[in-house]
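Worksheet: one structure, shown below.
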């Protein structure tokens, strides 16, 4: 996103390979990368079995320093499995690129070989604009095995002769027969690089670009906060829409239940009127109570000696006409079975032959009175 890469051209303007997404970003926010062509670099293949990850960068610098054919050099080293691939070039290339910039702007360096199209197995080709050669890369198990730079005049027959003269090619896994592509059809790579340089430039590595780091962090934080705010706003809108739909559904249900509520209110009003009418009905008088009580005790063979009416409580002393003692349970059952009376109980024996009972008038005695009247 913040990389700006240029392929070095010793004879003219450099070719852009990567451009930042935001084209008008200030220079301090972009990472400038010098890409060295394969034709101007030397490829080395170094075994790194047994080297720990922490010691890998130091090991790579020592190996490059020992094998570099230049007094002052630049390098790009990447790891692929148990091998290190190093590209070494003259430091004059970096000096010339810095002169083109015309300032003290910092930059890093990479080999153009890292801008190829990786394949699982086989050979991939990488060309340069107006170049007399082409780079061939051998891949196996999605890892780079070897890289060679070939002249455009080389064909399939020349490749066979080259393999015969160079046993190292067969040892590296190169095929004996190689189909050369049309050089004019190999386009300049414009894709991101796929490797990380283990030996960056000292000028690029010595100082941390705090201005770039802080500004990039602020830009990233602002973007994250803006995205989070947009997400929260979307969630709020969806919740508000759900709440509005719930209110609309509630209003529809209330409108549908309004007739039921009116009918319920009318029914409750009718019940209130019925209860009020029942309370306004006259209570039974003494005459009515005596008539109903005589009908009960006469069937039991009893007569009333004393009667005390203190509504809703009644007490009476009953005497048997036959001289035999009355059956208490029969008397109590007969009283409670009457629609006017409830809570009947035996109180005491009075005067040797009298039996005192007590009971209560039901609250609905007036309604029962109306039903019993013709």
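Residue numbers (our numbering): 265 to 638. Don't be surprised by glycine CBs; every beta carbon is placed ideally from N, CA and C.
Asked                                                                                                          : Found
According to DSSP, residues forming a beta bridge with residue 560                                             : According to DSSP, residue 560 bridges with nothing at all.
The segment 353-367 in contact with the segment 382-391 per 3-pair CB rule at 8 Å                              : no
Cα-Cα separation between residue 410 and residue 478, rounded to whole angstroms                               : 39 Å
Contained alpha helix (DSSP H) runs [length at least 4] in the segment 269-347, N- to C-terminal order         : 320-331
Supposed contact pair residue 408 and residue 401 - C-beta distance, whole angstroms, cut 8 Å                  : 6 Å
Close beta carbons around residue 273, own chain, < 7 Å, minus the five adjacent residues each side            : 279
Candidates 374, 560, 369 and 335: closest to residue 342 by CA position                                        : 374
Any 3 or more C-beta pairs closer than 8 Å across the segment 582-592 and the segment 600-608                  : no
Classification of residue 621 by the beta-carbon crowding that lies within 10 angstroms, buried from 16 upward : buried
Identity of the residues DSSP links to residue 574 by a beta bridge                                            : 577
One or two residues paired with residue 391 in a DSSP bridge                                                   : 398
Coil, strand or helix - residue 522 by DSSP                                                                    : helix
Local Cβ density within 10 Å of residue 503, reported as buried at 16 or more and exposed below that           : exposed
Bounding residues of the alpha helix (DSSP H) (the contiguous stretch that carries residue 430)                : Run containing residue 430: none; DSSP gives neither H nor E here.
Length of the line joining the Cα atoms of residue 404 and residue 458                                         : 16 Å
Backbone secondary structure at residue 515 - three-state DSSP                                                 : helix
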